[in-house]
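Peer 1:
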Amino acid sequence: SEEKISCIGCGVTIQTEDPEKLGYAPESAIEKEDIICQRCFRLKNYNEIQDVSLTDDDFLKILHGIGESKGLIVKIVDIFDFSGSWLQGIQRFVGGNPILLVGNKSDILPKSVKHQKLINWMKREAKELGLMPIDVCLVSSARGHGIREAAELIEKYRNGQDVYVVGCTNVGKSTFINRMIKEVADVQDVITTSYYPGTTLDLIEIPLDNGASLYDTPGIINHHQMAHFVDKRDLKLLSPKKELKPKVFQLNEKQTLYLGGLARFDYVKGGRESFVCYIPNEITIHRTKMENAQALYEKHIGELLTPPRKENVDTFPKLIPHEFTISEGKTDIVFSGLGWVTVNNPGKTIIAYAPQGVNVTLRKSLI
Ligand code: GDP
Numbered sequence: 002s003e004e005k006i007s008c009i010g011c012g013v014t015i016q017t018e019d020p021e022k023l024g025y026a027p028e029s030a031i032e033k034e035d036i037i038c039q040r041c042f043r044l045k046n047y048n049e050i051q052d053v054s055l056t057d058d059d060f061l062k063i064l065h066g067i068g069e070s071k072g073l074i075v076k077i078v079d080i081f082d083f084s085g086s087w088l089q090g091i092q093r094f095v096g097g098n099p100i101l102l103v104g105n106k107s108d109i110l111p112k113s114v115k116h117q118k119l120i121n122w123m124k125r126e127a128k129e130l131g132l133m134p135i136d137v138c139l140v141s142s143a144r145g146h147g148i149r150e151a152a153e154l155i156e157k158y159r160n161g162q163d164v165y166v167v168g169c170t171n172v173g174k175s176t177f178i179n180r181m182i183k184e185v186a187d188v189q190d191v192i193t194t195s196y197y198p199g200t201t202l203d204l205i206e207i208p209l210d211n212g213a214s215l216y217d218t219p220g221i222i223n224h225h226q227m228a229h230f231v232d233k234r235d236l237k238l239l240s241p242k243k244e245l246k247p248k249v250f251q252l253n254e255k256q257t258l259y260l261g262g263l264a265r266f267d268y269v270k271g272g273r274e275s276f277v278c279y280i281p282n283e284i285t286i287h288r289t290k291m292e293n294a295q296a297l298y299e300k301h302i303g304e305l306l307t308p309p310r311k312e313n314v315d316t317f318p319k320l321i322p323h324e325f326t327i328s329e330g331k332t333d334i335v336f337s338g339l340g341w342v343t344v345n346n347p348g349k350t351i352i353a354y355a356p357q358g359v360n361v362t363l364r365k366s367l368i
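In the UniProt record's numbering, the protein residues as written are 2 to 368.
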């Protein structure tokens, strides 16, 4: 029979088809009396938050729910993919609730980048994207850098009220919350009180010490992220674990760089010039002449130029050109979710290609 079963942890409707969607439980769990979803199971037994993804509609419902509650919103972005990991429109939905903006993955950026410079950059970007955060901070959830400071800011701005952690998938939201639990929450507490009667919000609740709670919201899929176009096995390539090593190329006019098979950088005009590439260390960069570039791509996509993988070439989106003339010195051309190329001097014409649906943007150089 098609009886609806709910998770006794979070109240979500149980399904057994898709492990990555909300409410998943393995078939074997269905026979038990008290059924909990995998997400609650992991939280209860391993004290670990597992991310689930949601459709846009469901996510909007959650945002509306938060807007009607009182509390601090902690919005996590991936500083390696700032605009790609942005959640549009959050400011509109959260009502009068303050937003603390947390930039995650600080460990990926070269150590030479000054902390304050990054904070200022985040503030500027946030403003441009229409967000007015009450404060901004920078963390590496993987390494634990800045977590204490983030916890202190959360404590300061939540005013004894609940905390809602939001972010799109892959920003490191689970890693962040798990770090927080380890460093600042009472672990015993989390384990024993993570069962909550069904809420309509599908939020995971982590009790804080004064009776308020920290809520993990499901991550939303941002369809513009490069990560959605690569094979699962290549995701780790796009999620660097180490400091990026800048790679410098001296180019003549009419030369091309391929960033794996994921993006293409044509230097059209401006005389001999050096360009600095900041992309994951494992992705190989190939240089060629512009006139040969298309033929090279057609011949070697999926092999020499990879990712994508050979078997995914057919479904990989077409590379779309974006033309720029750089008017200021030291500008980054950002391939959302892949990295960026720094152009050192003004007056250069560049055509940057990215898969259809992935953004290419300009910004004042970060480094
Ligand atoms: P979620 O989907 O937002 O919950 O993201 P996850 O916590 O699952 O993390 C997504 C990916 O980013 C994983 O490969 C993590 O290992 C990686 N990650 C998370 N936090 C950091 C960080 O601070 N630095 C680095 N380099 N990687 C991180």
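For each residue, glycine too, the CB sits at the ideal point set by N, CA and C.
#1: Should the stretch 172 to 184 be called in touch with the stretch 91 to 100, which here means at least 3 C-beta pairs below 8 Å?
#2: For ligand 2, I want to know if G104 counts as a neighbour, meaning its beta carbon is within less than 6 Å of at least one of the ligand's heavy atoms.
#3: From the DSSP secondary-structure annotation, give me the bridge partner or partners of P318.
#4: Is A143 near ligand 1, with its Cβ less than 6 Å from a heavy atom?
#5: My parser needs the alpha helix (DSSP H) runs of 4 or more residues fully inside the stretch 229 to 278; what are they?
#6: Run the CB neighbour count on A296, radius 10 Å, all protein chains shown included, and call it buried at 16 or more, exposed below.
#7: Would you check if there are 3 or more beta carbon pairs closer than 8 Å linking the stretch 159 to 168 to the stretch 133 to 140?
#8: Flag N253 as yes when its Cβ comes closer than 6 Å to any non-hydrogen atom of ligand 1, and as no otherwise.
#9: Look at K106 and D79 and say whether their C-beta atoms are less than 7 Å apart.
#10: What are the boundary residues of the alpha helix (DSSP H) that E304 is part of?
#11: Rounded C-beta distance between residue 377 and I351? I'm assuming under 8 Å.
#12: What is the rounded straight-line gap between the Cα of V249 and the Cα of V277?
#13: How long is the line joining the alpha carbons of K22 and I327, rounded to whole angstroms?
#14: Let me know if Q39 comes out buried or exposed under the rule of 16 or more other beta-carbons within 10 Å of its beta-carbon.
#15: Between the alpha carbons of G131 and F266, how many angstroms are there, rounded?
#16: Is there at least one non-hydrogen atom of ligand 1 closer than 6 Å to the beta-carbon of K112?
#17: Would you list the residues sitting across from Q16 in a DSSP beta bridge?
#18: Along the chain, where does the beta strand (DSSP E) that runs through T218 open and close?
#19: By the DSSP assignment, the alpha helix (DSSP H) with V185 in it spans what residues?
#20: Got a sec, what are the start and stop residues for the beta strand (DSSP E) W341 sits in?
#21: Count the other CB atoms within 10 Å of the CB of V359; is the residue buried (16 or more) or exposed (fewer)?
#22: Quick check on DSSP: helix, strand or coil for E206?
#23: Give the range of the alpha helix (DSSP H) segment to which K124 is assigned.
#24: Need the endpoints of the alpha helix (DSSP H) that F94 sits in, please.
#25: Identify the continuous beta strand (DSSP E) that holds K290 and give its terminal residues.
#26: So, with DSSP's three-state summary, where would you put N313?
#27: Pick from L238, M181, I74, E28: whose alpha carbon is nearest that of G340?
#28: Any heavy atom of ligand 1 within a distance shorter than 6 Å of the CB on D235?
#29: Which whole-angstrom value is the C-beta distance of D235 and R310, which I expect to be below 8 Å?
#30: Going along the chain, which residues of its own chain have a beta-carbon closer than 7 Å to the beta-carbon of E283, five neighbours each way excluded?
#31: Going by DSSP, what residue range makes up the alpha helix (DSSP H) through A213?
#32: Considering only their Cβ atoms, is the gap separating G348 from I302 smaller than 7 Å?
#33: If you count every other CB in all the chains shown that lies within 10 Å of the CB of P318, and 16 or more means buried, which is it?
#34: What's the call for I280, buried or exposed, on a 16-neighbour Cβ count within 10 Å?
Peer 2: Working from what's here:
#1: By the criterion of at least three beta-carbon pairs nearer than 8 Å, the stretch 172 to 184 is not in contact with the stretch 91 to 100.
#2: In the structure shown, ligand 2 is absent; the only ligands present are ligand 1.
#3: DSSP lists no partner for P318.
#4: Yes.
#5: Complete alpha helix (DSSP H) runs here, min 4: 236 to 239.
#6: Counting Cβ neighbours within 10 Å, A296 comes out exposed, since fewer than 16 surround it.
#7: Short answer: they don't touch.
#8: Every heavy atom of ligand 1 is 6 Å or more from the Cβ of N253, so no.
#9: Yes, Cβ-Cβ distance for K106 and D79 is below 7 Å.
#10: From DSSP, E304 is part of no alpha helix (DSSP H); its letter is neither H nor E.
#11: The structure shown does not extend to residue 377, since the chain is modelled only from 2 to 368, so the question has no answer here.
#12: The straight-line gap from Cα to Cα measures roughly 4 Å.
#13: So the alpha carbons of these two residues sit roughly 43 Å apart.
#14: Buried: at least 16 other Cβ atoms inside 10 Å.
#15: C-alpha separation (whole angstroms): 29 Å.
#16: No, Cβ of K112 sits at least 6 Å from all heavy atoms of ligand 1.
#17: Its beta-bridge partners are Y25.
#18: Where T218 is concerned, there is no enclosing beta strand (DSSP E), given that its DSSP letter is neither H nor E.
#19: 174 to 185 is the extent of the alpha helix (DSSP H) around V185.
#20: W341: member of the beta strand (DSSP E) spanning 340 to 344, first to last residue.
#21: Under this definition V359 is a buried residue.
#22: DSSP places E206 in strand when its eight states are reduced to three.
#23: Residue range 116 to 129 is occupied by the alpha helix (DSSP H) that includes K124.
#24: Start and end: 91 to 94.
#25: Going by DSSP, K290 is part of the beta strand (DSSP E) stretching over 286 to 290.
#26: It is helical.
#27: Each of L238, M181, I74, E28 was checked against the Cα of G340, and the nearest Cα belongs to L238.
#28: The answer is no for D235.
#29: Indeed, because the Cβ distance is near 7 Å, the residues count as touching under 8 Å.
#30: Here the set comprises L238.
#31: No residue range can be given for A213, since it is assigned to no alpha helix (DSSP H) and is classified by DSSP as neither H nor E.
#32: No, the pair does not count as a contact, with Cβ atoms beyond the cut-off.
#33: P318 is exposed by the Cβ-count criterion.
#34: With 16 or more Cβ atoms within 10 Å of its Cβ, I280 is classed as buried.
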